[in-house]
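What follows is one structure encoded as structure tokens, with my remarks underneath.
Numbering (my numbering), first residue to last: 24 to 167.
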């Protein structure tokens, strides 16, 4: 790996697992960054903060474990990661999910991402919340 991003990754997932410090989480992104979480995509600090606040609506605690980090073959500012995340919902139910993510750092900035995408099967969380996933004929998906 051309750069050592280990310290950033550790700090980022600690911030991600903090239920109340939304501003601390958004500080890991450039002001114009894009965050893609499953089917949702948001841009800029305000959009990222709103999405993050919504992600904590049904969650009491969350803990990420990064299992591996893979650098891009030709771009020192891009990483792929995978791991697990343990959730405790506000209902008391506990869940574990596997995830993968793509981090793209701002050029010349080892402390902030300009793009972050998470690949996660949210269906266990949806079911645990007593909801279901529906799709219409055009393939639009919604949680009901």
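The beta-carbon is built from N, C-alpha and C at its ideal position, and this holds for glycine as well.
Quick check on residue i: does DSSP put it in helix, strand or coil?
i, result
"residue 46", "helix"
"residue 51", "coil"
"residue 70", "helix"
"residue 138", "strand"
"residue 148", "helix"
"residue 116", "coil"
"residue 159", "coil"
"residue 77", "helix"
"residue 62", "coil"
What does a CB cutoff of less than 7 Å around residue i pick up in its chain, not counting 5 residues either side in sequence?
i, result
"residue 89", "32, 36, 104 and 106"
"residue 156", "146, 149, 164 and 166"
With a threshold of 16 other CB atoms inside 10 Å of the CB of residue i, please say whether the residue is buried or exposed.
i, result
"residue 56", "buried"
"residue 62", "exposed"
"residue 124", "buried"
"residue 166", "exposed"
"residue 24", "Confidence in residue 24 is poor, its pLDDT being 38 and thus under 50, which makes the residue's placement unreliable; the coordinate value appears in the next sentence. By the 10 Å Cβ count, residue 24 comes out exposed."
"residue 48", "buried"
"residue 108", "buried"
"residue 64", "exposed"
For the alpha helix (DSSP H) holding residue i, just list the boundary residues, first then last.
i, result
"residue 39", "29-39"
Could you name the residues of the same chain whose beta carbon sits closer than 8 Å to that of residue i, not counting the 5 residues immediately before and after it, in chain order?
i, result
"residue 70", "58"
"residue 76", "45"
"residue 52", "58, 68, 71, 135, 136, 137 and 139"
"residue 91", "104, 105 and 106"
Just to confirm my understanding: we take residue i, look at its own chain, exclude 5 residues before and 5 after, and list those with CB closer than 6 Å. What are they?
i, result
"residue 83", "111 and 113"
Could you check where the beta strand (DSSP E) with residue i kicks off and where it finishes?
i, result
"residue 94", "82-94"
- Message: Three or more C-beta pairs under 8 Å: does that hold for the segment 149-161 against the segment 119-138?
- Response: no
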